[in-house]
Amino acid sequence: MHTSIQNGIIITPQELLRDHTLILNDKTIEAIQHSGNATYSGTVINAQGCYVIPGFIDVHVHGAVGHDTMDATPEAIHGMATFYAKHGVTSYYPTTMTMPATAIQAALENVEHCPQPTNGAQHLGVHVEGPYLNLAYKGAQPPEYFRPPASAEYGQWLETGVCKLITIAPEVEGGMAMVEELTALGVEFAIGHSAATYDEAVKSFNAGVRQVTHVFNGMVGLHHREPGALAAILTDDRVDAQLIADGIHVHPGMIRLLVRAKGAEHVMLITDAIQAAGLSDGEYSLGGQQVTVKDGIARIASGALAGSTLTMDQAVRNMVKFTDLPLQKIIGMASTVAARAMRLPHKGKLQVGCDADVVLLNRELDVMMTIVGGNVVYRAETFN
Ligand SMILES: [Zn+2]
41 MHTSIQNGII ITPQELLRDH TLILNDKTIE AIQHSGNATY SGTVINAQGC
91 YVIPGFIDVH VHGAVGHDTM DATPEAIHGM ATFYAKHGVT SYYPTTMTMP
141 ATAIQAALEN VEHCPQPTNG AQHLGVHVEG PYLNLAYKGA QPPEYFRPPA
191 SAEYGQWLET GVCKLITIAP EVEGGMAMVE ELTALGVEFA IGHSAATYDE
241 AVKSFNAGVR QVTHVFNGMV GLHHREPGAL AAILTDDRVD AQLIADGIHV
291 HPGMIRLLVR AKGAEHVMLI TDAIQAAGLS DGEYSLGGQQ VTVKDGIARI
341 ASGALAGSTL TMDQAVRNMV KFTDLPLQKI IGMASTVAAR AMRLPHKGKL
391 QVGCDADVVL LNRELDVMMT IVGGNVVYRA ETFN
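Listed below in structure tokens is the structure:
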């Protein structure tokens, strides 16, 4: 079954293609042809006035529209998936919180057994954020559940087969050893909620850490005599930095510094969204703590930021405002970088042979259509 997406501006890793047609065959991108040569059969989608881009990949997201990964139910995962798809996400990693071992394990087993939704973004595994973190940078992670790595616990995570990314403070006792042990088994690590010094950060990269959880948030700030993990992060091309580009978690000036230091190809946009995403201001919960959302900003009682209500399409629009990067690079930060970092060679780009995960954005960069694995899962009422 073929689908032809015509008349749009196709954003590939190399260029912006006008007068081309993207042809999907079932779950795969079959061809990108000059419109003059294209042979159309099957469904035709008229993308006039739209950018045709790879679907967004969010590696760090806790919840949305009243659902949370820690609910550990298929309804939560599917509710989140439907909401994310409306915002251009085609794949994501439900993200856990620092909670008792049984709760984290339940969340993992839920994703292990949860079928992919028919009308939303696909879950590709779980991002386990904590519990092996540093209390000094707890953020909104509940402190009573912080603990050092225990193989009896994380061994069970691995048995589910869905533990793909772990945020760790590598300087905690046993942290470096865990990174070495599990990276050898194919698990990705992100440094985060960490008091690591410059040297400790470099050591953790040598051990296998390749990502940074919400860069600048939950870590030592930059100082010229105490550079901390950030100086290592900003100057080491082995690591990709997750960024919450809501303009609140990180000042736009620091975002420009980040992009200048690392290059757009090493920065990935995330939302770190919580269950309040997609809902109005009010009282919510996160990791068993009360969260107050005011003007879309989520905080726990201490005043610490508690995730966000950001969506990936909004993050993209924000980056257009915050930086002078070409749109193509910003789209890559929301798709290609995460796909490479998570070792997904068939995702994150519009290229022949890749998965048919495609999004249409209008000129204002609002999502008009989301296609997951060749199926249209979202179509804006205002489209065509
Ligand atoms: Zn988070």
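FYI, my numbering numbers position 100 of the sequence shown as 140, with every residue one higher than the one before it.
C-beta: ideal position from N, C-alpha, C; glycine also.
Small disclaimer: the values here were computed from a predicted structure and weren't measured.
Residue i classed as buried or exposed, judged by whether at least 16 other C-beta atoms fall within 10 angstroms
i	result
threonine 363	buried
aspartate 108	buried
methionine 137	buried
threonine 122	buried
leucine 175	exposed
valine 392	exposed
arginine 58	exposed
glutamine 354	buried
proline 188	exposed
serine 81	exposed
serine 191	exposed
glycine 322	exposed
asparagine 424	exposed
alanine 477	Residue 477 lies beyond the range of the chain shown here (41 to 424); nothing can be said about it.
histidine 254	buried
arginine 250	buried
proline 155	exposed
threonine 29	The requested residue 29 is not part of the displayed model; the chain covers only 41 to 424.
glycine 160	buried
glutamate 199	exposed
aspartate 66	exposed
aspartate 335	exposed
methionine 408	buried
leucine 309	buried
Integer-rounded CB distance, given that residue j should sit under 8 Å from residue i
i	j	result
alanine 281	valine 252	4 Å
methionine 352	methionine 373	Incorrect: roughly 10 Å between the Cβ atoms, too far for contact.
glycine 170	threonine 207	7 Å
glycine 179	histidine 233	6 Å
arginine 490	phenylalanine 245	In this structure the chain extends from 41 to 424, so residue 490 is not present and cannot be described.
leucine 173	glutamine 181	6 Å
leucine 283	cysteine 203	Not confirmed; about 23 Å, so no contact.
valine 356	leucine 405	6 Å
alanine 247	valine 219	4 Å
leucine 62	leucine 390	6 Å
threonine 130	threonine 410	7 Å
isoleucine 97	valine 151	The Cβ separation is near 16 Å, so there is no contact.
glycine 215	alanine 209	6 Å
leucine 64	glutamine 368	That belief does not hold up - the Cβ atoms of leucine 64 and glutamine 368 are roughly 21 Å apart, past 8 Å.
isoleucine 45	valine 399	The Cβ separation is near 11 Å, so there is no contact.
Residues that DSSP places opposite residue i in a beta bridge
i	result
alanine 285	According to DSSP, which records beta bridges pairwise, alanine 285 is partnered with nothing at all.
phenylalanine 229	Ile206
serine 131	Ile97, Gln162
glutamate 169	Thr207
asparagine 65	His42, Thr68
glycine 103	Asp108
histidine 74	His60
threonine 422	None; threonine 422 has no bridge partner.
isoleucine 50	Leu57, Val92
valine 84	Ser44
valine 416	Ile411
threonine 136	Val168
Closest residue to residue i among the options (Cα-Cα distance)
i	options	result
alanine 420	Glu70, Leu401, Gly413	Leu401
threonine 32	Ser81, Ile288, Val417	Residue 32 lies beyond the stretch modelled for the chain, which goes from 41 to 424, so this question has no answer here.
isoleucine 51	Gly413, Gly414, Pro385, Ile370	Ile370
asparagine 47	Met216, Thr349, His264, Gln73	Gln73
valine 377	Gly388, Leu367, Gln368	Gly388
glutamine 315	His102, Ser75, Arg296	His102
glycine 413	Ala236, Glu70, Ala141	Glu70
histidine 127	Glu305, Gly318, Ser191	Gly318
proline 366	Gly303, Arg339, Leu384	Gly303
histidine 264	Tyr238, Val249, Phe186	Tyr238
glutamate 184	Gly328, Ala209, Leu225, Glu115	Gly328
histidine 100	Val92, Asn86, Met120	Met120
glycine 347	Asp395, Asn257, Ala271	Asn257
threonine 241	Glu266, Thr130, Val290, Ile93	Sequence inspection shows alanine at residue 241; the threonine mentioned does not correspond to that position. The shortest C-alpha separation from alanine 241 is found at Glu266.
proline 140	Arg300, Val168, Val129, Gly106	Val168
glutamate 213	Gly226, Phe186, Ala230, Tyr91	Phe186
alanine 143	Trp197, Val92, Thr332, Gly343	Trp197
threonine 135	Thr311, His153, Pro292, Leu270	Thr311
histidine 291	Tyr124, Lys361, Met41, His60	Lys361
histidine 306	Ile288, Ala313, Leu274, Asp286	Leu274
valine 105	Ala217, Ala125, Gly89	Ala125
Which whole runs of the alpha helix (DSSP H) in the region 234-283 are 4 residues long or more, in chain order?
-> 238-247, 268-275
3-residue-minimum beta strand (DSSP E) runs that sit fully inside the region 349-409, ordered along the chain = 398-402
Residue ranges of each beta strand (DSSP E) within the region 290-355, 3 or longer | 307-310, 322-326, 329-334, 337-340
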